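See structure below.
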Amino acid sequence: MTCRLWPALFCLSLFSAPFLAAETLHEERSLYRDITVTQEGNRRCLVFNVHRGDRNQTCMNTADPERLVFEYAKMTFAGLLLNPNPKNILIAGLGGGSLPSTLTKLYPDAKIDVIEIDQAVVNVAERFFDFEETENVKVAVNDARVFVKRAGLLEQRYDFVILDAFTGDYIPEHLLTEEFLEEVRAIMSPDAVLVANTFSTSRFYDHESVTYQKVFGEFYNFKLPSSGNRIIIARDAALPPRGELNAVARSLAPGVEAFGVPLLEYPNRLSTRVDWDMSRRALTDQYSPSNLLRDN
Amino acid sequence: MNAKQARRPNNQGPQAIPSLLVVSAAFVSGFCIMTIEMLGARIMAPYFGGSLSVWGSILTVFMLALACGYLIGGKLSARRPSLFNYAFFFLAAAALSLPIIFLADEIMRPIFLAVEDPRYGSLLASLFLYFLPTTILGMISPYSVRLLVENSDHSGQKAGLLFFVSTLGSAAGTLGTSFYLVLWFEVNEIVFGTAAALALIGMVLMIAGTQRGHANDL
Numbered sequence: 004m005t006c007r008l009w010p011a012l013f014c015l016s017l018f019s020a021p022f023l024a025a026e027t028l029h030e031e032r033s034l035y036r037d038i039t040v041t042q043e044g045n046r047r048c049l050v051f052n053v054h055r056g057d058r059n060q061t062c063m064n065t066a067d068p069e070r071l072v073f074e075y076a077k078m079t080f081a082g083l084l085l086n087p088n089p090k091n092i093l094i095a096g097l098g099g100g101s102l103p104s105t106l107t108k109l110y111p112d113a114k115i116d117v118i119e120i121d122q123a124v125v126n127v128a129e130r131f132f133d134f135e136e137t138e139n140v141k142v143a144v145n146d147a148r149v150f151v152k153r154a155g156l157l158e159q160r161y162d163f164v165i166l167d168a169f170t171g172d173y174i175p176e177h178l179l180t181e182e183f184l185e186e187v188r189a190i191m192s193p194d195a196v197l198v199a200n201t202f203s204t205s206r207f208y209d210h211e212s213v214t215y216q217k218v219f220g221e222f223y224n225f226k227l228p229s230s231g232n233r234i235i236i237a238r239d240a241a242l243p244p245r246g247e248l249n250a251v252a253r254s255l256a257p258g259v260e261a262f263g264v265p266l267l268e269y270p271n272r273l274s275t276r277v278d279w280d281m282s283r284r285a286l287t288d289q290y291s292p293s294n295l296l297r298d299n
Numbered sequence: 035m036n037a038k039q040a041r042r043p044n045n046q047g048p049q050a051i052p053s054l055l056v057v058s059a060a061f062v063s064g065f066c067i068m069t070i071e072m073l074g075a076r077i078m079a080p081y082f083g084g085s086l087s088v089w090g091s092i093l094t095v096f097m098l099a100l101a102c103g104y105l106i107g108g109k110l111s112a113r114r115p116s117l118f119n120y121a122f123f124f125l126a127a128a129a130l131s132l133p134i135i136f137l138a139d140e141i142m143r144p145i146f147l148a149v150e151d152p153r154y155g156s157l158l159a160s161l162f163l164y165f166l167p168t169t170i171l172g173m174i175s176p177y178s179v180r181l182l183v184e185n186s187d188h189s190g191q192k193a194g195l196l197f198f199v200s201t202l203g204s205a206a207g208t209l210g211t212s213f214y215l216v217l218w219f220e221v222n223e224i225v226f227g228t229a230a231a232l233a234l235i236g237m238v239l240m241i242a243g244t245q246r247g248h249a250n251d252l
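Going down the list, the protein sequences come from chains A and B. Each step along the first sequence adds one to the number in this note's numbering, with nothing skipped, and position 213 is 216. Each step along the second sequence adds one to the number in this note's numbering, with nothing skipped, and position 201 is 235.
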């Protein structure tokens with residue numbers, strides 16, 4: 004559109020440059036954030052709060068949309084090592100919808116509930132990232148805390164829960180507390196696994212780790228050098244022996260290969276080593292200054 | 035003699051009201067209003083989430099409560115204003131803040147169960163949790179003005195000073211709570227701190243009022 008305002012030659016040189024400038028496909032200011040969709044070659048990205056230099060929320064390869072682009076999205080699938088056959092999946096945070104889209108392809112019979120606080124994100128995911136609600140994939144525009152609390156009252160149970168509600172910019176403080184994790188634990192079936200995508204840096208890491216440990220006991224900490232994220236994988240029961248994880252990885256790996264998930268590499272990366280300061284205070288509804296802690 | 039009388043304020047003993055005390059009290063009440071308001075969202079998030087509508091509910095209820103408080107406080111200030119009444123407002127606000135600590139879950143749980151839409155749930159919960167203490171805190175503003183005003187010439191100036199101080203208190207309460215207090219204390223500890231501060235001010239005012247006996251009646 005801006006092209007029409009500029010001499011054609013300038014436009015041509017801009018778009019034929021060897022390093023393509025990211026083109027903005029869509030911009031929108033929602034109730035919660037500025038949403039931008041950019042395209043750079045085959046790479047289409049959803050960016051929140053671009054003016055504050057936020058990271059890409061999610062990216063898609065438009066030439067190969069099945070293939071997951073982001074490391075953290077792939078890492079989420081390590082949760083399958085603990086429950087290789089989920090039937091009821093809960094995902095807090097939609098983003099571009101790559102997680103529910105992939106999971107429903109992998110498990111067409113599984114029921115997937117996605118919670119997203121921002122209707123605008125749902126619209127953008129549908130319009131630009133091939134996300135669609137289906138018979139089995141439902142989106143609730145709601146706060147995850149409210150949804151989970153109500154699911155608990157209705158005695159709903161999920162066997163695979165993904166917490167992916169953190170943007171690079173802001174942490175919803177009520178989704179990190181011991182009380183919230185207890186509420187999540189209450190809607191998890193006995194064989195369920197929880198996968199939480201969070202950050203691997205700052206003082207906040209210690210507080211968060213202490214909180215998860217308090218609720219779930221020992222959990223898997225999953226970090227890769229190529230990603231600034233860390234994935235927490237927890238479950239109510241004791242963690243399985245590593246040999247079991249390797250066996251599951253071998254059986255699942257062919258299925259997830261099309262999505263670009265190197266599942267076979269993951270079992271050895273899951274760590275139970277305590278690499279945080281255990282003397283830190285657990286986060287509770289009474290004490291959760293997470294956004295302040297993150298800057299310290 | 036006549037001229038002398040004219041220069042005197044038109045009501046008896048207004049100099050007896052220590053204006054520093056009233057001004058400090060107004061600052062504290064401004065501080066406490068915003069401290070509770072800032073924590074309001076945190077207190078309600080476990081039941082109603084952190085969506086924009088929850089903030090909308092809180093702000094609405096605080097504005098309504100303050101509006102009512104201004105009206106009632108102004109009305110009461112017209113009838114034998116005294117430090118005793120003034121002190122009582124602080125003590126009442128302190129007492130009415132305590133349910134925020136001790137009854138929050140008891141209040142929010144049934145509302146969460148009965149009202150599915152978090153917008154109306156949070157609005158209702160805000161009403162029950164914050165309306166009464168905020169109304170009382172709102173009453174303090176016009177009443178403070180009345181205690182400070184000696185004659186109508188200065189009334190605007192005194193009102194301006196009071197708004198200045200109490201709004202400064204509100205700014206301090208907002209910043210202090212969101213930047214530091216939540217980092218140092220638990221939510222309930224902070225609410226308890228505001229209740230204690232209000233009660234303390236109330237008691238100091240009560241003592242100041244007692245010392246002057248009935249002479250402090252304007």
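For glycine and all other residues, C-beta sits at the position ideal for the given N, C-alpha and C. Remember, predicted model here, so these are calculated numbers, not experimental data.
A direct Cα-Cα distance of roughly 16 Å separates Ala-99(B) from Phe-124(B). Of all residues in the stretch 137-157 of chain A, the ones placed with a Cβ closer than 9 Å to any Cβ belonging to chain B are Asn-145, Asp-146, Ala-147, Arg-148, Val-149, Phe-150, Lys-152, Arg-153, Leu-156, in chain order. At the C-beta level, Leu-166(A) and Ala-199(A) come within 7 Å of one another. Residue range 86-111 is occupied by the alpha helix (DSSP H) that includes Ile-92(B). Interface residue (Cβ-Cβ distance to chain B less than 7 Å): Gln-122(A) is not classified as such. Put simply, the CB of Ser-85(B) is near chain A, with a gap under 7 Å to one of its CB atoms. Here Thr-169(B) is buried, its C-beta having at least 16 other C-beta atoms within 10 Å. Taking the beta carbon of Asp-162(A) as reference, no residue of chain B falls within 8 Å; the closest one sits roughly 24 Å away. Chain B places no beta carbon closer than 7 Å to that of Gln-159(A), leaving this residue out of the contacts.
Of Thr-39(A), Leu-156(A), Met-281(A), the smallest CA-CA separation from Gly-98(A) is found for Thr-39(A). The C-beta of Asp-280(A) comes no closer than 7 Å to any C-beta of chain B.
Under a criterion of Cβ atoms nearer than 7 Å, no residue of chain B is adjacent to Tyr-208(A); the nearest Cβ is some 17 Å distant.
Counting only Cβ-Cβ distances below 9 Å, Asn-222(B) has contacts in chain A at Gln-289, in chain order. With respect to the C-alpha of Ala-25(A), the residue from Asn-64(A), Gln-42(A), Ile-190(A) having the closest C-alpha is Gln-42(A). The beta carbon of Ile-224(B) is closer than 8 Å to those of Thr-69, Leu-73, Thr-211, Leu-215, Val-216 in its chain, skipping five residues each way along the sequence. Two segments are said to touch when three or more pairs of C-beta atoms, one from each, lie closer than 8 Å; by this definition the stretch 196-214 of chain A does not touch the stretch 247-259 of chain A. Under the three-state reduction of DSSP, Gln-245(B) is assigned to helix. Contiguous beta strand (DSSP E) elements confined to the stretch 155-226 of chain A occur at 161-166, 191-202, 223-226, taking only those with 3 or more residues. Counted as a single uninterrupted DSSP element, the beta strand (DSSP E) harbouring Ile-118(A) occupies residues 114-119. For Phe-82(B), the chain A residues whose C-beta falls within less than 7 Å of its own C-beta are Val-149, listed in chain order.
Residue-level contact by beta carbon fails for Pro-167(B) and chain A, as no gap is shorter than 7 Å. Close to chain A, meaning a Cβ-Cβ distance shorter than 9 Å, are the following residues of the stretch 121-154 of chain B: Phe-146, Leu-147, Glu-150, Pro-152.
Rounded to the nearest angstrom, the Cβ distance from Thr-180(A) to Leu-296(A) is 13 Å, too far for a contact under 8 Å.
Under a criterion of Cβ atoms nearer than 9 Å, the residues of chain B adjacent to Pro-175(A) are, in order, Ala-79, Gly-83, Gly-84. Listed in chain order, the alpha helix (DSSP H) runs fully inside the stretch 61-106 of chain A are 74-79, counting runs of at least 4 residues.
Among the residues of chain A, none has a CB under 8 Å from the CB of Val-225(B); the nearest is roughly 10 Å distant. Counting only Cβ-Cβ distances below 8 Å, Leu-217(B) has contacts in chain A at Pro-292, Leu-295, Leu-296, in chain order. In the structure shown, Leu-49(A) falls within a strand segment according to DSSP collapsed to helix, strand and coil. If you draw a 10 Å sphere on the C-beta of Asp-121(A), you find 16 or more other C-beta atoms in it, and that means buried. Excluding five sequence positions before and after Gly-236(B), the CB atoms of its chain that fall closer than 6 Å to its own CB belong to Ala-121, Phe-124, Leu-125, given in chain order. Straight through space, the alpha carbons of Ser-91(B) and Tyr-215(A) are spaced by roughly 31 Å.
For Glu-26(A), the pairing in a beta bridge is given by DSSP as Gln-42(A). With a threshold of 7 Å between beta carbons, Leu-34(A) makes contact with chain B. Where Ile-51(B) is concerned, there is no enclosing alpha helix (DSSP H), because DSSP gives it neither an H nor an E. Remark: C-beta atoms of Leu-248(A) and Leu-84(A) approach each other more closely than 7 Å. Note that the stretch 100-120 of chain B does not touch the stretch 187-195 of chain B; fewer than 3 beta-carbon pairs, one per stretch, sit closer than 8 Å.
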